[in-house]
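K.L.:
The numbering used here puts the first residue of the sequence shown at 2, with every later residue one more than the last.
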Amino acid sequence: METKAIIALALMILGIVVINFALYAAARGMSDWFSSMGKGMQTPLTKDRAPYDELRQKMRELSDEKKED
């Protein structure tokens with residue numbers, strides 16, 4: 002009977018260690034995810050507008066050329 006109790010106690014301790022490791026890994030993953038979300042929200046949106054402005058300018062030039070023809 003005593004050996005069964007020792008085995009049960011060892012399994013409980015092992016289970017607690019595994020659960021703690023899993024929760025720690027999940028918390029670290031969520032922490033990284035939240036920090037990347039925060040960094041994504043802090044970046045300005047104006048830096049990527051230059052290619053679109055260039056495209057708009059070319060579209061205007063093309064539409065002006067079509068109007069002249």
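No residue lacks a Cβ here, since even glycine has one placed at the ideal position from N, Cα and C.
1) From Gln-58 to Ser-36, what distance separates their C-alpha atoms?
2) Look at the alpha carbon of Leu-63 and the alpha carbon of Leu-56, and state the distance between them as a whole number of angstroms.
3) Alpha carbon to alpha carbon, how far is Val-18 from Tyr-25? Give it in angstroms, no decimals.
4) To the nearest angstrom, how far is it from the Cα of Ala-54 to the Cα of Ala-27?
5) If you draw a straight line from the alpha carbon of Pro-52 to that of Arg-29, how long is it in whole angstroms?
P.N.:
With the given structure in hand:
1) Taken atom to atom, the span from the alpha-carbon of Gln-58 to that of Ser-36 is near 37 angstroms.
2) Approximately 11 angstroms between the Cα atoms of the pair.
3) Cα-Cα distance, rounded: 10 angstroms.
4) In the sequence as displayed, the identity of residue 54 is Asp instead of Ala. Distance between the alpha carbons of Asp-54 and Ala-27: 42 angstroms.
5) Pro-52 and Arg-29: Cα-Cα distance of roughly 37 angstroms.
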